[in-house]
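Our numbering puts the first residue of the sequence shown at 3, with every later residue one more than the last.
Beta carbons are placed, not taken as given, at the ideal position from N, Cα and C, and that holds for glycine.
This report concerns only the one structure given below.
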Amino acid sequence: MLRDAEIYAAGCPGDEGNLARQHLVLECIRHVRLPVERRLKRACFGVHQARIYRRPQPLGAICGDLFKALDCVLAHLPQRKRGGRQERSKGIMAFVKGVAIIGLALILIILMSFWAAGRARIPLDAEARATLEAEGNAHDFITLPSGTVHYRLEGPEAGPVVVLVHGFSTPSIVWDDYFAPLTQAGYRVLSYDNFGRGLSDRPDAIYDADLFDRQLAELIEALKINRRVDLVGYSMGGAIATIFTSRHPDQVRSLTLIAPAGLGVARNENAELLTRPLIGDWIVRLFGTRIFYSAASQEAVSAPNPGAFLSGFNRQLEYRGYGDALLSTMRHYPLTGADAAFAEVGASGKPVLAIWGEADETVPYKNATRLMELIPQAQLRSYPSAGHNITFADPGLVTGLIEGFLRVQDARVTSAGPGGKPRGPMTRLESRRCGSCSHDQANEDGFEVQKPSAE
């Protein structure tokens with residue numbers, strides 16, 4: 003049809019040739035459903051009118067409707083001869099092939115960048131661990147059935163064992179300031195890096211509650227800790243500690259929860275985007291290091307030694323698998339919805355201390371209300387100006403609370419027997435280490451139950 007316009011326009015002087023083209027396309031647009039012959043006649047009539055009255059049609063009418071013009075051309079092609087249909091078919095196939103080639107090229111570029119970003123990290127293998135130990139950047143490693151774990155164990159061997167469990171993204175460096183005061187108080191203190199964090203393995207597995215529960219159980223067994231432990235969990239570590247206590251009640255003496263996850267976390271649209279298949283993997287693999295470093299830099303400001311904190315955090319970013327582990331955790335770990343485990347701890351009657359910053363924007367303080375409902379024997383300590391980073395922002399405060407709470411557990415031997423209630427006003431408590439005694443709330447001076455304020 004456009005060829006017909008060219009033939010017609012060739013015989014028109016000057017502007018009339020352009021007018022012919024304009025009117026032909028205009029009629030094509032306006033009367034796309036009419037037969038070709040009628041469209042051509044309308045175009046010729048329009049050119050005839052324009053020649054007489056010199057009223058060219060505005061080009062804006064054409065430019066503003068290019069897609070309709072394309073529909074017109076496609077609608078016209080089947081009206082042509084057999085050779086025209088073949089040309090159309092070849093044109094469409096060429097277009098499809100071009101789009102396919104471009105699409106495949108883009109996919110290939112994305113996959114190559116995805117693969118290259120992962121390979122750019124150092125594998126966390128035996129050689130890397132040996133280097134870390136030689137440089138003084140690691141404590142000890144132990145190989146468990148589920149993978150190799152980086153841990154730190156200090157304090158008198160006969161002392162009660164306190165196990166410190168860190169949170170979602172920051173490794174066990176959050177507990178560095180807890181070792182001196184707790185070991186000096188006579189406790190044997192154990193901290194470790196959860197799988198996928200710090201210097202522990204990044205196993206190719208689903209990072210769910212079972213994985214982290216199995217890791218802690220295997221670690222306690224491998225280190226030959228044959229007495230009940232005092233568990234301390236921060237953020238996601240609080241959920242890990244709670245679930246472990248519900249599944250292994252005979253291995254836990256007391257539980258301290260610092261802004262614990264498991265009952266819900268604040269909504270984060272960026273985090274929700276990362277949980278989506280493919281999109282989240284691509285973002286984390288290509289931009290994860292930058293994202294995690296930025297978040298750590300903001301947290302490090304509140305640490306007593308920001309430089310050391312940031313250095314310890316960034317060390318884990320050098321090795322493969324950190325971002326993938328966090329992504330799998332976001333998709334599979336019960337950061338919310340672990341109410342049943344909290345309820346089981348409540349039913350067990352085990353002593354529980356909860357520490358919370360009321361300005362927490364990650365695990366909202368309002369969750370404390372639910373925690374107290376599920377664990378009625380819990381003792382709540384909250385601080386209005388403290389946020390989610392209370393663990394490493396104010397280690398002196400938190401350590402003091404933990405020590406006071408643990409001292410009560412150490413004095414659970416009475417003349418009524420281990421864990422028994424005093425039978426009369428003359429009965430005295432014997433201040434002795436007691437690894438197998440039960441909760442005695444009547445003698446917990448200074449640890450009254452604090453009800454969270456309604457929000």
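Of all the options the options, which has the alpha carbon lying nearest to the alpha carbon of residue i?
{"i": "L280", "options": "R333, Y180, P306, R409", "result": "R333"}
{"i": "G198", "options": "A207, V191, L192, R190", "result": "A207"}
{"i": "D252", "options": "L275, G266, T277, I222", "result": "I222"}
{"i": "I242", "options": "D179, D326, V165", "result": "V165"}
{"i": "P319", "options": "L337, T291, G138", "result": "Note that residue 319 is Leu in the sequence shown here, rather than Pro. Nearest C-alpha to L319: T291."}
{"i": "Y236", "options": "R269, L225, G169", "result": "G169"}
{"i": "D412", "options": "G188, F143, V151", "result": "G188"}
{"i": "L155", "options": "M238, F181, Y335", "result": "F181"}
{"i": "H250", "options": "A305, D212, R287, R409", "result": "D212"}
{"i": "Y367", "options": "I104, A268, A345, D179", "result": "A268"}
{"i": "G314", "options": "R287, D178, D326", "result": "D178"}
{"i": "Q381", "options": "V231, F214, E363, L408", "result": "L408"}
{"i": "E363", "options": "E301, T145, V286, D195", "result": "E301"}
{"i": "G389", "options": "V303, E405, P378", "result": "V303"}
How would you call residue i, buried or exposed, if buried means at least 16 neighbouring beta carbons within 10 angstroms?
{"i": "D127", "result": "exposed"}
{"i": "Y295", "result": "exposed"}
{"i": "D203", "result": "buried"}
{"i": "P397", "result": "buried"}
{"i": "T247", "result": "buried"}
{"i": "K352", "result": "buried"}
{"i": "T277", "result": "exposed"}
{"i": "R255", "result": "buried"}
{"i": "A160", "result": "exposed"}
{"i": "N307", "result": "exposed"}
{"i": "F47", "result": "Any reading at F47 needs caution, since the residue's pLDDT is 46, under 50, leaving its predicted position unreliable; the model's value is listed next. F47 is exposed by the Cβ-count criterion."}
{"i": "E129", "result": "exposed"}
{"i": "L478", "result": "The question about residue 478 has no answer, for the chain in this structure spans 3 to 457."}
{"i": "N459", "result": "For residue 459 there is no data in the structure shown, the boundaries of the chain being 3 and 457."}
{"i": "P420", "result": "Annotation note: pLDDT 44 at P420 (below 50); position unreliable, coordinate value reported separately. The residue in question, P420, is exposed, as its Cβ has fewer than 16 Cβ neighbours within 10 Å."}
{"i": "G359", "result": "buried"}
{"i": "N270", "result": "exposed"}
{"i": "I103", "result": "exposed"}
{"i": "A305", "result": "buried"}
Could you check whether residue j and residue i sit closer than 8 Å to each other, using their CB atoms as the reference points?
{"i": "A1", "j": "S387", "result": "The structure shown does not extend to residue 1, since the chain is modelled only from 3 through 457, so no value can be given for it."}
{"i": "V365", "j": "A263", "result": "yes"}
{"i": "R229", "j": "V163", "result": "yes"}
{"i": "L376", "j": "D341", "result": "yes"}
{"i": "N316", "j": "A298", "result": "yes"}
{"i": "R123", "j": "R322", "result": "yes"}
{"i": "L233", "j": "L265", "result": "no"}
{"i": "A356", "j": "L328", "result": "no"}
{"i": "S174", "j": "S193", "result": "yes"}
{"i": "T244", "j": "V347", "result": "yes"}
{"i": "G240", "j": "A261", "result": "yes"}
{"i": "G149", "j": "V191", "result": "no"}
{"i": "V176", "j": "T393", "result": "yes"}
{"i": "V354", "j": "L225", "result": "no"}
{"i": "H152", "j": "L184", "result": "no"}
{"i": "D210", "j": "Y335", "result": "yes"}
{"i": "S384", "j": "A370", "result": "yes"}
Specify, as a first and last residue, the run of the alpha helix (DSSP H) that residue i falls within.
{"i": "H334", "result": "324-334"}
{"i": "T371", "result": "369-376"}
{"i": "G309", "result": "308-317"}
{"i": "G348", "result": "341-350"}
{"i": "E159", "result": "Counting along the chain, E159 falls outside any alpha helix (DSSP H), and DSSP gives it neither H nor E."}
{"i": "R131", "result": "128-136"}
Looking at the unbroken beta strand (DSSP E) that takes in residue i, where does it start and where does it end?
{"i": "L259", "result": "254-260"}
{"i": "G359", "result": "354-359"}
{"i": "L146", "result": "142-146"}
Hey, would you say the C-beta of residue i is under 7 Å away from at least one heavy atom of the ligand FMN?
{"i": "A297", "result": "As far as ligands go, the structure on display features none, and thus does not contain the ligand FMN."}
Please confirm whether residue i has its beta-carbon closer than 8 Å to some beta-carbon of chain B.
{"i": "L221", "result": "In the structure shown, chain B does not exist; there is a single protein chain."}
* **Every unbroken beta strand (DSSP E) inside the segment 386-411 [3 residues or more]** => none
* Asked: Which residue spans inside the segment 175-256 form an unbroken alpha helix (DSSP H) run of at least 4?
  -> 181-186, 211-224, 238-249
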